[in-house]
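See below for the structure under consideration.
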Amino acid sequence: MSKSFGGNILFLDRDDINTDEIIPAKYLTEVDKQALAPHLFEDLALEGFNPEADIRDKTAVVTRANFGCGSSREHAPWALEVNHIHLVIASGFSRIFRQNMFNCGMLAVQLAPETIDQIFETFSGRDTTVDVDMENAALTFASGSLQESIPFELAGFDRALIDAGGWVEYADARY
Numbered sequence: 428m429s430k431s432f433g434g435n436i437l438f439l440d441r442d443d444i445n446t447d448e449i450i451p452a453k454y455l456t457e458v459d460k461q462a463l464a465p466h467l468f469e470d471l472a473l474e475g476f477n478p479e480a481d482i483r484d485k486t487a488v489v490t491r492a493n494f495g496c497g498s499s500r501e502h503a504p505w506a507l508e509v510n511h512i513h514l515v516i517a518s519g520f521s522r523i524f525r526q527n528m529f530n531c532g533m534l535a536v537q538l539a540p541e542t543i544d545q546i547f548e549t550f551s552g553r554d555t556t557v558d559v560d561m562e563n564a565a566l567t568f569a570s571g572s573l574q575e576s577i578p579f580e581l582a583g584f585d586r587a588l589i590d591a592g593g594w595v596e597y598a599d600a601r602y
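Position in the sequence shown (from 1) plus 427 gives the number in the numbering used here.
See the structure below:
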């Protein structure tokens, strides 16, 4: 029951995007994940960013360091998930946010800051897609005639969580 990864990229060119900017705290009383969907990134402080227009049709995020810092709540990955964003690529993640992504069967790929710089320099501001080759642990970015493949690392247990569809499904199959 794994999710699909890749697709159209939302570039968020900022460090320290916190969980309150991913999903504002005022929505944490929602009991249905789907209720979070229209509020993804609505409080994100990023010049020129319009969540309604910019998120539409995006299924992956490329961003900078310390993504998901702040609260340890699972609502932040859930808000991404219900918007069909199952992949976040960054130069760093908050430890708990990163684990919550894998617990939800989603993919958090950490790349070196220089690699993230290169991706932004080459592809930001363009209609860009990313394809994920889980077998070979590689990301392929494409925009028009531009194309670049970048390897990534994925720990065995993180892969197992993704393959299962998340922690609950992983535990159900084993315990």
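For every residue, glycine included, the Cβ atom is placed at its ideal position computed from N, Cα and C. Model, not experiment: these values are computed from the prediction.
Bridge partners - residue i, DSSP secondary structure assignment
i, result
"Pro578", "Ala565"
"Asp558", "Thr567"
"Val536", "Ile516"
"Leu573", "Ser570"
Assigned exposure category for residue i - 16 Cβ within 10 Å defines buried
i, result
"Ser572", "exposed"
"Arg553", "exposed"
"Gln526", "buried"
"Met428", "Low confidence applies here, because Met428 scores a pLDDT of 45, under 50, leaving its location unreliable and the question unanswered by this model."
"Thr456", "exposed"
"Phe432", "buried"
"Ala535", "buried"
"Ala565", "exposed"
"Gln458", "Looking at the sequence provided, one finds Val at residue 458 rather than Gln. Label assigned to Val458: exposed."
"Asn563", "exposed"
"Ala582", "exposed"
"Phe568", "buried"
"Ala506", "buried"
Reference residue i; option with closest CA among the options
i, options, result
"Pro578", "Lys453, Asp440, Val557", "Val557"
"Ala480", "Ala600, Thr567, Phe438", "Phe438"
"Tyr597", "Arg500, Ile449, Ala462, Asn530", "Asn530"
"Met533", "Arg601, Ala503, Arg483", "Ala503"
**Asked** Quick check: the region 520 to 533 against the region 465 to 474, are there 3 or more CB pairs under 8 Å?
**Response** Verdict: no, contact absent.
**Request:** Kindly confirm or deny that the region 583 to 592 and the region 470 to 488 touch, where touching means at least three C-beta pairs closer than 8 Å.
**Result:** no
**Asked** Any contact of the region 485 to 494 with the region 533 to 552, i.e. 3+ C-beta pairs under 8 Å?
**Response** yes
**Request:** Note down, one range per segment and in chain order, each beta strand (DSSP E) of at least 3 residues found wholly within the region 435 to 519.
**Result:** 487 to 490, 514 to 517
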